[in-house]
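Quick notes on the structure that follows.
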Amino acid sequence: MSNREESFEQALNHDPKSKKPKKKRGTTQGKYTLKMKSKGIQQKVIYNRRSQPVGKGAIRYSTYSEALARNGWVLIDLPNWHNADEVKLDMIWKEMKTTFDLDDCVRHQTLSNIGNNWRGFKSRLTNNFIMKYMEDPAYRAKNPHTLMFPLAIYPDITQPVWHNFVASRTTPEFQELRRLQQARRATNDNPHRLGRKGYHNLEYELQQQLDTEEEIERAVLWKEARKDKKGEYAKESDKEIADTIDSLFEKRKQGEVVEIGTNDILSQALGTPESYGRVRDRGHNVGFKDCFPKSKGGLRSLHERQIIYENETRRKYEAEIESLKKRTNDIENNFKAVMKALEEKSHGHQGLSTDIEAHFSPNIVQEREDEDIANDHVQEENVEHNLEDKSDYPNLLQDESNYPNLVQDESFIDVIVTLNEGTCSRLDLENLIDKQATRCVLLDFIHRKVAKGIIRQAAEVHNKPLEENDYRIEVNELLIPDALIPNAIDPDEIYLVKHVFRSYVAWPKHLVLLKGEKIKKYTPKRKRTNTKQPQPILPKTQSQPQQETSLASSSSSERPPQNSQK
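The opening residue of the sequence shown carries number 1 in the UniProt record's numbering; numbering runs sequentially from there.
Here it is, written out as structure tokens:
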């Protein structure tokens, strides 16, 4: 047997009355958790309002966190948890997420809990082995190799790491820091008796017993945390403070005690104000702002953040709806004012107002197949309406919801009413146009026309900043409802065009056709082919002298070379 094994056996299994050493339990690994993990079953963890794990799943969550803190992924010779390698932290997070059903938003908190367990593991190694070896001569005589070899119960600790850890814990600076923290810890005259349960699980148990989801007061938690299994207080000072808390509760019912901010029942009973930082009797990862939030918030809870997000989204949509209603009412009032102005300008022309009302009346409005039928109808009433193929405006005017879309088309303003004896000026509807709205056609990745919409100028879409290469589009017409969205809002729920109908979406600029633009189709260039027939190459022969031709014939043909013969 090696010295390392002998040291471990002497330290943990030594029994002078028996010949064979007793076998003791080793470190907890969480066998049930490992069994569920091998079957591919993720265990669920319940969180309370302050993002603290509670319930039965929280116990297994805590056990497995402690096991990961001891497995050697983060070496114990590091001075601080913040010095751990990010790769190792990612490995730990993936291991926790594979074993438990966790959201990405609790990654920081999960790693922080494992960091606390890692620090507690180092503290137990220091107190139970290193300091015990230095301060207890009897233990040092039985285990002379404690500081030389790592403990066999922790096989993940290598000898170089153990030597570095022992060296860091035996320095004068660390000894001074240890004495300072021991003196600070000794000032706590009334420690709780919860163990690993913690205040958050105690509150969860009380809520289950009382069948309520309301927050349990800190004073009640303080009293329950100082009781033993029999329901009695271990120290007399604990009972005195508990009696003070009960008397303050009675005075509060009678209106003699007022709680303002941090000066609640517990602070008054203990006689010490609440300090900034971690709040008393609320457990780990609970800060001052979580229990005593200011007017602007500061809550960290997943539940609270979800409620705040839903309320903000609801208020934003309600504000947009009110704005649209107000805008629609303004458009309707302006339209009525324009019609009234036309009636006033038509004095001396009998029947004009009747004709206008008849033209826009729902009883007479009908489908016009082309512009000629509309012009014939106008001529019969002695009024010319140059609608420029906009004969459907009367139909659109029946529905008030079409007013915003109708006035955004500038051709609607070009309605000219011409009388037999005079001509009215251009309708003053420029103030009804949304200068920041542009109609467009939306394309998908394969350049199909999938929807129509309006470009709205804004800096964000659904509380997310708008990218530089995207437009904020209001989708108001579907062409291919089942087409994919280039920038899917939610890959699992909102990824088709029909999912964003009557809503806003970010669309890439290169897939948006503005008014007058056409889809650029790629046409491959064809190679040029020589259509002329190739002429045969004749062998060269001795050219004969030719007679001189006229000036006209010589200009149209090349002059052959003349050979001089002697």
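Heads up, the beta-carbon is just placed ideally off N, CA and C, and yes, glycines get one too.
The bridge partners DSSP lists for leucine 478 are Ala451.
Residues of the same chain with their beta carbon placed closer than 7 Å to that of isoleucine 446 are lacking, with the five preceding and five following residues left out of the count.
In the displayed model, glutamine 209 falls within a helix according to three-state DSSP. The closest CA to that of lysine 37, considering only Gly57, Thr99, Pro144 and Lys56, is found on Thr99. With contacts defined as CB atoms closer than 8 Å, arginine 456 and lysine 515 fail to qualify as a contacting pair. Under DSSP, tyrosine 233 shares a beta bridge with Lys227. The beta carbon of leucine 511 is closer than 8 Å to those of Leu442, Leu443, Asp444, Phe445, His447 and Pro486 in its chain, skipping five residues each way along the sequence. Contact between the stretch 115-130 and the stretch 38-57 is absent: fewer than three C-beta pairs spanning the two stretches fall below 8 Å. Taking 8 Å as the cut-off, the Cβ atoms of arginine 179 and threonine 126 do not count as close. Short of 6 Å from the beta carbon of aspartate 281, and not among the five residues preceding or following it, lie these beta carbons of its own chain, in chain order: Tyr199, Arg218, Leu221 and Trp222. Secondary-structure assignment with DSSP links tyrosine 47 through a beta bridge to Pro53.
Aspartate 156 carries a coil assignment under DSSP once its states are collapsed to helix, strand and coil. Between tyrosine 309 and the set Asn188, Glu517, Lys464 and Gly120, the nearest pair of CA atoms involves Lys464.
Only residues of its own chain outside the window of five on either side were considered, and among them Arg226, Lys235, Ser237, Asp238 and Ile241 have a CB closer than 8 Å to the CB of asparagine 190, listed in chain order. Distance from the CA atom of phenylalanine 121 to the CA atom of alanine 69, rounded to whole angstroms, is 8 Å. Residue state for lysine 464 is assigned as strand, using DSSP reduced to three classes. The bridge partners DSSP lists for isoleucine 494 are Asp490. For phenylalanine 100, DSSP records a beta bridge to Gln43. Counting along the chain, tyrosine 504 sits inside the beta strand (DSSP E) bounded by residues 504-508.
Using a 10 angstroms sphere on the CB of arginine 472, the tally of other CB atoms reaches 16 or more, which defines it as buried. Annotation: glutamine 268 to glutamate 215 spans about 19 Å, alpha carbon to alpha carbon.
Around the beta carbon of arginine 119, a 10 Å sphere encloses fewer than 16 other beta carbons of the protein chains shown; the residue is thus reported as exposed.
The alpha carbon of glutamate 467 has as its nearest neighbour, out of Thr158, Asp136 and Lys509, the alpha carbon of Lys509.
Two segments are said to touch when three or more pairs of C-beta atoms, one from each, lie closer than 8 Å; by this definition the stretch 136-145 does not touch the stretch 81-95. Within a 10 Å sphere around the beta-carbon of alanine 183 sit fewer than 16 other beta-carbons, which makes this residue exposed.
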